[in-house]
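**Student:** Chains Z and L supply the protein sequences, listed in that same order. Start counting at 1 in the first sequence, then tack on 41, and there's your number in the working numbering. Start counting at 1 in the second sequence, then tack on 256, and there's your number in the working numbering. Beta carbons are placed, not taken as given, at the ideal position from N, Cα and C, and that holds for glycine.
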Amino acid sequence: MKDEALLVADGLRKTYALPGRGRLTAAEDVSFTVARGGSLGIVGESGSGKTTVARMLVGLVRPDAGGVRVDGRPREARTPRRKAARLARAREIQMVFQDPYVSLDPRLTAAQCLRTALRLHGRDDGTAAELLDRVGLGEREAASLPRHLSGGQRQRLAIARALAPGPRVLVLDEAVAALDVSIQAQILRLLDEIRRDTGVALVFVGHDLAVVQHITDEVLVMRRAGSSNRAPPGGF
Amino acid sequence: MLLTLDHLTVDLPGAARPLLDEVSLRVAPGEVVGLVGESGSGKSTTAKAALGLLPGGATASGTVRVGDADVLALTGENLRRHRARTVAMVHQDPRAALNPVRRIGDFLRERGADRTRAVELLAAVGLSDPERRLRQRPHELSGGMLQRVVIAGALAVRPRLLLADEATSALDVTTQAEILALLRTLRAEQGAGMLFITHDLHLAAAYCDRVYVMYAGRVVEERTARALFAGPAHPYTRGLLSCSPTLGDTSRTLLPIPGRPPSLSDSFPGCPFAARCPDAEPECETWRPVAVDLPDGGTTACRRVPAAVPAAAERSTT
Ligand SMILES: Nc1ncnc2c1ncn2[C@@H]1O[C@H](COP(=O)(O)OP(=O)(O)OP(=O)(O)O)[C@@H](O)[C@H]1O
Ligand code: SF4
Ligand SMILES: [Mg+2]
Chain Z
42 MKDEALLVAD GLRKTYALPG RGRLTAAEDV SFTVARGGSL GIVGESGSGK TTVARMLVGL
102 VRPDAGGVRV DGRPREARTP RRKAARLARA REIQMVFQDP YVSLDPRLTA AQCLRTALRL
162 HGRDDGTAAE LLDRVGLGER EAASLPRHLS GGQRQRLAIA RALAPGPRVL VLDEAVAALD
222 VSIQAQILRL LDEIRRDTGV ALVFVGHDLA VVQHITDEVL VMRRAGSSNR APPGGF
Chain L
257 MLLTLDHLTV DLPGAARPLL DEVSLRVAPG EVVGLVGESG SGKSTTAKAA LGLLPGGATA
317 SGTVRVGDAD VLALTGENLR RHRARTVAMV HQDPRAALNP VRRIGDFLRE RGADRTRAVE
377 LLAAVGLSDP ERRLRQRPHE LSGGMLQRVV IAGALAVRPR LLLADEATSA LDVTTQAEIL
437 ALLRTLRAEQ GAGMLFITHD LHLAAAYCDR VYVMYAGRVV EERTARALFA GPAHPYTRGL
497 LSCSPTLGDT SRTLLPIPGR PPSLSDSFPG CPFAARCPDA EPECETWRPV AVDLPDGGTT
557 ACRRVPAAVP AAAERSTT
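Here is the structure:
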């Protein structure tokens, strides 16, 4: 096999129908690659299409054109019907959102949440404690419901849950944007450690260039209407 | 002095501690003053006090003056004029400031801008095709574009005091830099003072003349921007500086502050930062913070920073 990057986005394009006439181009010909265990930042102001690109990567939004490959395998544009295929797809790319509250089941404690995710992917649910420890959540937090966790603790839980299937790529969309700087630094540090220890590749989407640049090797800057250019860190 | 807060304390029933605890702060005409601190530290509450706006059910002691006006005593037409003409505020969320069914042009006209000036202002805040924007409604613009509209609206009233509450936080760096430069120019032209609220200490240090750092409803340090950056005195300020990422400086490791910022249900018999402070001693837990003067003219509220009594004496003899 050719020595292809772990994650390849190739000519992604997405338009939305506007009320009335015309179409809004949210992303236009967006291409990039991420190496195994590498990290790419995507920055741009609101409306520049960052979230659209993140959602196309995980498959929450279907591109009009272009595609995504992980390990040389094209990702199907729609979620497969068969459970095994769906789970295999989930193990390729996992996503963490700005507000983890909406993506966490409010009835499950942190530990239950992780055990459920681990079992779903046929992994040993005994490793839940390890995962919690990995993201810096203690016993008290393990037994807590999401609403009894702080914003930073919830984001740690969301990261742990995203790691549960053992994904190759973690896509984080504004994952620290709602957090205080002191908590943000705790999470950035955690992500750095996780990347080093597990070799998971990161795609880190954000509006704050200083933050994005801090934890990624390379940064893609999106301008409005989805065009983009790529710059190495320190190139600004 | 343009804005003076003197020992402003704001209490809310049910809260374990005051929202604002003895906050004193000044903004001179033409001055850009930064207010930094993490979520819930009381920055917005402080800024709103300058508008004479307190949370529902809150009680206040201390004073708020803008020019000659005793703001907390204003009522009726005087209060309305104060909020509409003297002080302008740009919030975190532009959608909250704009009526969704009215056109951008109406928004600017309500603020005293005729068509020519409205077009000028929209162009000045970096919006393309300003003529067309006048006819658009908020839902047709992105969040970043709306924030520019709100800033144009604030500038239209030519306020004496501009309150910018995380006004550029959601914009990309290039746009942020453009808008900040613009705010500074207009502030200079109109001689207005500005209270610039941000959670970004590096930005405040780069942009402001003087900076106040807040923690748990208190001012913990007040310095010129240069001094704050070069020699932060309070352990919390030092913590903030070393946990904030900076542009271009990717090699530096971030040193997180342990724990989390306090909420209104946390009360503190002593220094509120004690549980997270690397320099804390047992005595800090019961020491009620008081600000001391620093040799360079700033102040800080940490019992381990010695009071600059000699410096104060020197100042009075020179
Ligand atoms: N109207 C209100 N009613 C009740 N509590 C309030 C009200 N307004 C503010 N508070 C509380 O007062 C404290 C200070 O809030 P404030 O909004 O001033 O903080 P801030 O520093 O601006 O935070 P942020 O960075 O999140 O904007 C917080 O604990 C907040 O929840
Ligand atoms: S008073 Fe004590 S706990 Fe508070 S900031 Fe100073 S050293 Fe730290
Ligand atoms: Mg605020």
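1) Quick one: what's got a C-beta closer than 6 Å to Glu478/L's C-beta in the same chain, skipping five residues either side?
2) How is Ser317/L classed by DSSP in three states: helix, strand or coil?
3) Give the interface partners of Ser185/Z over in chain L, defined as CB-CB distance under 8 Å, in chain order.
4) Can you check the segment 278-333 of chain L for any alpha helix (DSSP H) of at least 4 residues that lies completely inside it and give the ranges in chain order?
5) Can you name the start and end residues of the alpha helix (DSSP H) that Arg77/Z belongs to?
6) Give, in chain order, every residue of the segment 74-99 of chain Z whose Cβ lies closer than 8 Å to some Cβ of chain L.
7) Is the Cβ-Cβ distance between Leu81/Z and Leu261/Z less than 8 Å?
8) In three-state DSSP terms, what is Glu366/L?
9) Confirm the yes/no value for this check: CB of Ser300/L, any heavy atom of ligand 1, distance under 7 Å.
10) In whole angstroms, what separates the C-alpha of Pro488/L from that of Val222/Z?
11) Looking only at C-alpha atoms, which of Arg367/L, Gly409/L and Ser500/L sits nearest to Leu229/Z?
12) Is Ala58/Z helix, strand or coil by DSSP?
13) For Thr441/L, count neighbouring Cβ atoms within 10 angstroms of its own Cβ and tell me buried if that reaches 16, exposed if not.
14) Is it true that the CB of Ala379/L sits closer than 8 Å to the CB of Thr365/L?
15) Would you report the Cα separation of Pro269/L and Ala314/L, rounded to the nearest angstrom?
16) Within 10 angstroms of its Cβ, does Thr342/L collect 16 or more other Cβ (buried), or is it exposed?
17) Mapping DSSP to helix, strand and coil, what is Glu215/Z?
18) Classify Pro528/L as buried or exposed, calling it buried when 16 or more other Cβ atoms lie within 10 Å of its own Cβ.
19) Just to confirm, does Asp221/Z get its C-beta within under 7 Å of one of the non-hydrogen atoms of ligand 3?
20) Would you grab the beta carbon distance between Pro208/Z and Ile134/Z for me? Rounded to a whole angstrom, and I think it's under 8 Å.
21) Residues in its own chain within less than 8 Å of Tyr57/Z by CB, not counting five upstream and five downstream?
22) Compute the Euclidean distance between the alpha carbons of Leu497/L and Leu328/L, then round it to the nearest angstrom.
23) Tell me whether the beta-carbon of Ala118/Z lies closer than 8 Å to the beta-carbon of Thr74/Z.
24) Can you find a C-beta in chain Z that's less than 8 Å from the C-beta of Gly409/L?
25) Ordered along the chain, which non-local residues of its own chain (more than five positions away) have a Cβ less than 7 Å from that of Ala369/L?
26) Enumerate, from N- to C-terminal direction, the unbroken beta strand (DSSP E) stretches of 3 or more residues contained entirely within the segment 75-137 of chain Z.
27) Got a sec: does ligand 3 put a non-hydrogen atom nearer than 7 Å to the Cβ of Gln153/Z?
28) Counting contacts by CB-CB distance shorter than 8 Å, is Gly163/Z in contact with chain L?
29) Three-state secondary structure (DSSP) at Ala462/L?
30) So, at 7 Å on beta carbons, what are the nonlocal neighbours of Pro386/L in its own chain, with the 5 sequence-adjacent residues on each side left out?
31) State yes or no: is the C-beta of Asp421/L nearer than 7 Å to some heavy atom of ligand 3?
32) Spatial neighbours of Leu511/L within its chain, please: CB distance less than 8 Å, with the 5 preceding and 5 following residues excluded, ordered by chain position.
33) Determine, for Leu229/Z, whether the minimum Cβ-Cβ distance to residues of chain L falls below 8 Å.
**Tutor:** The answer reads as follows:
1) Counting from 1 along the second sequence, the entry for residue 478/L is found at position 222. If we look at Glu478/L and ignore the five residues flanking it on each side, its Cβ neighbours are Tyr468, Gly554 and Thr555.
2) What you label residue 317/L is simply residue 61 of the second sequence in a count that begins at 1. DSSP places Ser317/L in strand when its eight states are reduced to three.
3) For the purposes of this step, residue 185/Z is taken as the residue at position 144 of the first sequence. In chain order: nothing, as chain L lies at least about 14 Å away.
4) Fully enclosed alpha helix (DSSP H) runs of 4 or longer: 299-306.
5) By 1-based counting over the first sequence, the position of residue 77/Z is 36. Arg77/Z -> no alpha helix (DSSP H), and no H or E assigned at all.
6) Cβ contacts with chain L come from Val84, Gly85, Glu86, Ser87, Gly88 and Ser89.
7) On the first sequence, position 40 is the one that residue 81/Z refers to. On the first sequence, position 220 is the one that residue 261/Z refers to. Taking 8 Å as the Cβ cut-off, Leu81/Z and Leu261/Z qualify as a contacting pair.
8) Start at 1 with the first residue of the second sequence, and residue 366/L comes out as number 110. The three-state secondary structure of Glu366/L, taken from DSSP, is helix.
9) Taking the first residue of the second sequence as 1, we reach residue 300/L at position 44. Yes, since a heavy atom of ligand 1 falls inside the 7 Å radius drawn around the Cβ of Ser300/L.
10) The residue labelled residue 488/L in the question sits at position 232 within the second sequence. The residue labelled residue 222/Z in the question sits at position 181 within the first sequence. Pro488/L and Val222/Z: Cα-Cα distance of roughly 17 Å.
11) Working through the first sequence from its first residue, we reach residue 229/Z at position 188. Among Arg367/L, Gly409/L and Ser500/L, the Cα nearest to that of Leu229/Z is on Ser500/L.
12) In the first sequence, counting from the first residue as 1, residue 58/Z sits at position 17. Correct three-state label for Ala58/Z: strand.
13) For the purposes of this step, residue 441/L is identified with residue 185 of the second sequence, where counting begins at 1. Classification of Thr441/L: exposed, given that the 10 Å Cβ count is below 16.
14) In the second sequence, residue 365/L corresponds to position 109, counting from 1. In the second sequence, residue 379/L corresponds to position 123, counting from 1. Residue identity differs from the one stated: residue 365/L is Arg in this sequence, not Thr. The Cβ-Cβ distance between Arg365/L and Ala379/L does not fall below 8 Å.
15) On the second sequence, position 13 is the one that residue 269/L refers to. On the second sequence, position 58 is the one that residue 314/L refers to. Taking the Cα positions, Pro269/L is about 7 Å away from Ala314/L.
16) Sequence index remark: in the second sequence, residue 342/L carries index 86 (1-based). So Thr342/L counts as buried.
17) Indexing the first sequence from 1 puts residue 215/Z at position 174. Residue state for Glu215/Z is assigned as coil, using DSSP reduced to three classes.
18) Start at 1 with the first residue of the second sequence, and residue 528/L comes out as number 272. The residue is buried, with at least 16 neighbouring Cβ atoms inside 10 Å.
19) Within the first sequence, residue 221/Z is the residue found at index 180, counting from 1. Asp221/Z Cβ: outside cutoff for every heavy atom of ligand 3.
20) Here residue 208/Z refers to the residue found at position 167 when the first sequence is read from its first residue. Here residue 134/Z refers to the residue found at position 93 when the first sequence is read from its first residue. Confirmed, Cβ separation roughly 6 Å.
21) Reading the first sequence from its first residue, position 16 is the one you call residue 57/Z. Counting only Cβ-Cβ distances below 8 Å, and skipping sequence neighbours, we find Arg64, Leu65 and Ala67.
22) Start at 1 with the first residue of the second sequence, and residue 497/L comes out as number 241. Start at 1 with the first residue of the second sequence, and residue 328/L comes out as number 72. About 34 Å.
23) Against the first sequence, residue 118/Z aligns to sequence position 77. Against the first sequence, residue 74/Z aligns to sequence position 33. Going by C-beta atoms, Ala118/Z is not nearer than 8 Å to Thr74/Z.
24) In the second sequence, counting from the first residue as 1, residue 409/L sits at position 153. Not closer than 8 Å to any Cβ of chain Z, the Cβ of Gly409/L fails to qualify, so no.
25) Residue mapping note: residue 369/L aligns to position 113 of the second sequence, counting from 1. Leu377 and Ala412, listed in sequence order.
26) Segments of the beta strand (DSSP E) lying fully in the segment 75-137 of chain Z: 80-84, 106-111 and 134-137.
27) Sequence index remark: in the first sequence, residue 153/Z carries index 112 (1-based). Answer for Gln153/Z: no, Cβ out of range of ligand 3.
28) As a working note, residue 163/Z is residue 122 in the first sequence. Residue-level contact check: Gly163/Z does not touch chain L, since none of the beta carbons of chain L fall below 8 Å from its beta carbon.
29) The residue you call residue 462/L lines up with position 206 of the second sequence. When secondary structure is reduced to three states using DSSP, Ala462/L falls in the helix class.
30) For this step, residue 386/L is matched to residue 130 along the second sequence. Non-local beta-carbon contacts of Pro386/L in its own chain, meaning distances under 7 Å to residues more than five positions away in sequence, involve Val375, Leu378 and Ala379 in chain order.
31) Residue mapping note: residue 421/L aligns to position 165 of the second sequence, counting from 1. Yes, Cβ of Asp421/L sits closer than 7 Å to a heavy atom of ligand 3.
32) If you number the second sequence from 1, residue 511/L lands on position 255. For Leu511/L, where only same-chain residues beyond five positions count, the Cβ hits under 8 Å are Gly495, Ser498 and Cys499.
33) For the purposes of this step, residue 229/Z is taken as the residue at position 188 of the first sequence. Closer than 8 Å: yes.
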